[in-house]
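In my numbering, the protein residues as written are 476 to 1198.
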């Protein structure tokens, strides 16, 4: 099967226009003012009741629950509990409340309103969560440990199990190792809480979606040294593509032991099963973004075969998070996770020969039949020693760590040509099933040592410096082209100044690498592909407010890209380069106690700047929108004297992107979302609609000849009871 994994991308130059926080706030106010006015009139201009904030909200940590849309701390960029406005790097945090209000059904849905992130890159695809951060595919982490290795061998995380999602923009190898030229996504799981709370959620939605979920947490004994959490979920659903289910069952228990203020150990496990199918048909350019004799190919067309097709995934996972404060200076932490997953992927899809096309009759497409069996056996561990001390007016946080990844990926694949199907009036049953396949293991390891120093002088000047050395290996059977044994050293440097007025300008430099497997024509191992980023930014948090504003401009240079050797057509040389330049604006604004606004804008220019191939040189990287913008607002109000109501609306604009050869542009599109909620006592009801106008759109088209349809309109009604 062709490489249906996200392709690496990059970007080039734009102009930076930094607007003051007043301007951003004014734009947001004017845009959503009609909604606020309408709702206030419905409420009879009555005074809103006081909003009660739990005491725990004032003690927010980088992993604790967050009240509202705005988090103030994070661990993802530094692996220490650090305020966001003291981190010289661009970071966004999507809180639990925002995930629920926007009706995010999966991880990529949760990322849709984040500047610099092109979520749902490959459209409505049940096989994985695809998104680009600053023009390149992101690396997926959960609780600081890498979650996804390879493709189509893992479970998609369920948003119901997450406390928050954090987006770190820019290279991050200095703390995490290989990957992430444009950034990473770190999901924070729900963990046991000291306050007892139990909730049951019932949901129904589009495509016969039915779901029940339970979330229970609290102390297990009188002195609160043992805490528990139990999450369970079951779902039966169809999807926007005929014959494709979206079923899920999961169970996630966790237990925390905290015998004293210095010690905390959490044990956790997850068992999850998913059943889906081929929601992506890899339809040709003609019939999606280009005209076809019989018009546009319907978005619900199922290219595969009922009874044969499946995307069945199973995963079991367990681990622990341990922390022990030795004294007032030193803290020891270790996180470990073991996971085993299996995926059975059977499908029929558009044949690449070399590209999907409509046949001469203008209505049929030739197909390929696939039977692919994947496995992943993963052990990840991260061990840290942190030292915090003060010397005069200098505060210091030193972090030393060692992490290890031991991964065995099993893959077996069989494919063959299959008969054509009429995409306008499909008739099924004309195919020959494939026999079982044997699984061939690939063994990968990564070991990294890292050191990071954070310093704050006179409560104003902030610096961070880090250095890391990695060794990575990979081998599939005895195939020489698959062997990898490489090492890399990466670093980071950041400087910021936190003014008393809430302004924090910063500058940073960071590096990343990705090992390149195989050898060249002369038997020499390839060097790792690398990236370097320079970033300038400005963060503003008005004193005493619950609002924040961020602006950043960046320049990423990717090096050691492989390109044909002009003196030897059988060889490749690593002289290729790409450049990604852009800027981002983000505002998380509490206009009042009842009115919250999120606004974002990003612009990116990504091109191949050095290549021995004319088809590549100077061309824009594929699937990188030139610009994106988003706006989301939520208003809490009273209606007929009754409080507890809320309404929200959002708009997402995604600019045009190119196929990687500057031949075909995927058109820009704009989507609308909405929500309405009511909360009274232990009951909470929420109704969300994504793609409100049911706009048919294509998210991206690739130079290999295929395009991807985006998600159609989907609503969900949720009823929660808390006790």
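Ideal placement from N, C-alpha and C gives every residue a C-beta, glycine not left out.
Within 9 Å, strictly: CB atoms of residue i and residue j
i            : j            : result
residue 1098 : residue 607  : yes
residue 945  : residue 615  : no
residue 884  : residue 917  : yes
residue 1038 : residue 976  : no
residue 882  : residue 848  : no
residue 704  : residue 721  : no
residue 1059 : residue 754  : no
residue 594  : residue 657  : no
residue 643  : residue 552  : yes
residue 1199 : residue 825  : What is shown of the chain runs 476 to 1198, which leaves residue 1199 out entirely.
residue 717  : residue 807  : no
residue 661  : residue 790  : no
residue 939  : residue 562  : yes
residue 787  : residue 856  : no
residue 927  : residue 942  : yes
residue 649  : residue 1012 : no
residue 765  : residue 731  : no
residue 1051 : residue 1036 : yes
Status (buried if at least 16 other CB within 10 Å, exposed otherwise) for residue i
i            : result
residue 529  : Its pLDDT being 42, under 50, residue 529 is placed unreliably in this model, and the coordinates cannot settle the point.
residue 687  : exposed
residue 964  : exposed
residue 781  : exposed
residue 1112 : buried
residue 1016 : buried
residue 575  : buried
residue 1158 : exposed
residue 589  : buried
residue 672  : exposed
residue 1083 : buried
residue 567  : buried
residue 636  : buried
Pairwise C-alpha distance: residue j and residue i
i            : j            : result
residue 1181 : residue 868  : 59 Å
residue 1176 : residue 1138 : 10 Å
residue 1130 : residue 991  : 32 Å
residue 762  : residue 832  : 9 Å
residue 1001 : residue 620  : 27 Å
residue 527  : residue 543  : Legend: pLDDT at residue 527 = 41, less than 50; position of this residue unreliable, no value from coordinates given.
residue 1141 : residue 1079 : 16 Å
residue 1147 : residue 1164 : 9 Å
residue 915  : residue 996  : 25 Å
residue 738  : residue 547  : 24 Å
residue 706  : residue 1186 : 28 Å
residue 809  : residue 775  : 47 Å
residue 624  : residue 919  : 9 Å
residue 886  : residue 862  : 43 Å
residue 759  : residue 830  : 8 Å
residue 805  : residue 797  : 14 Å
residue 1191 : residue 821  : 29 Å
residue 1196 : residue 692  : 14 Å
residue 1189 : residue 1167 : 8 Å
residue 1179 : residue 1096 : 13 Å
residue 1086 : residue 947  : 27 Å
residue 981  : residue 1009 : 11 Å
residue 895  : residue 584  : 33 Å
residue 519  : residue 677  : With a pLDDT of only 40 at residue 519, under 50, the local geometry of the prediction cannot be trusted, and no value is derived from it.
residue 578  : residue 586  : 12 Å
Residue i - partner residues in DSSP beta bridges
i            : result
residue 444  : Because the chain here runs from 476 to 1198, residue 444 falls outside it and cannot be looked at.
residue 631  : Per DSSP, none; premise fails for residue 631.
residue 799  : 738, 807
residue 601  : None; residue 601 has no bridge partner.
residue 920  : 881, 948
residue 1165 : 1148, 1189
residue 548  : 558
Residue i: first and last residue of the uninterrupted alpha helix (DSSP H) it sits in
i           : result
residue 649 : 648-651
residue 572 : 571-576
residue 585 : 582-585
Unbroken beta strand (DSSP E) run spanning residue i, endpoints
i            : result
residue 851  : 839-866
residue 594  : 592-594
residue 1125 : 1117-1129
residue 884  : 869-897
residue 965  : 959-972
residue 1056 : 1043-1065
The ligand GDP heavy atom lying under 8 Å from the CB of residue i
i           : result
residue 906 : With respect to small molecules bound, the structure shown includes none, and the ligand GDP cannot be examined in it.
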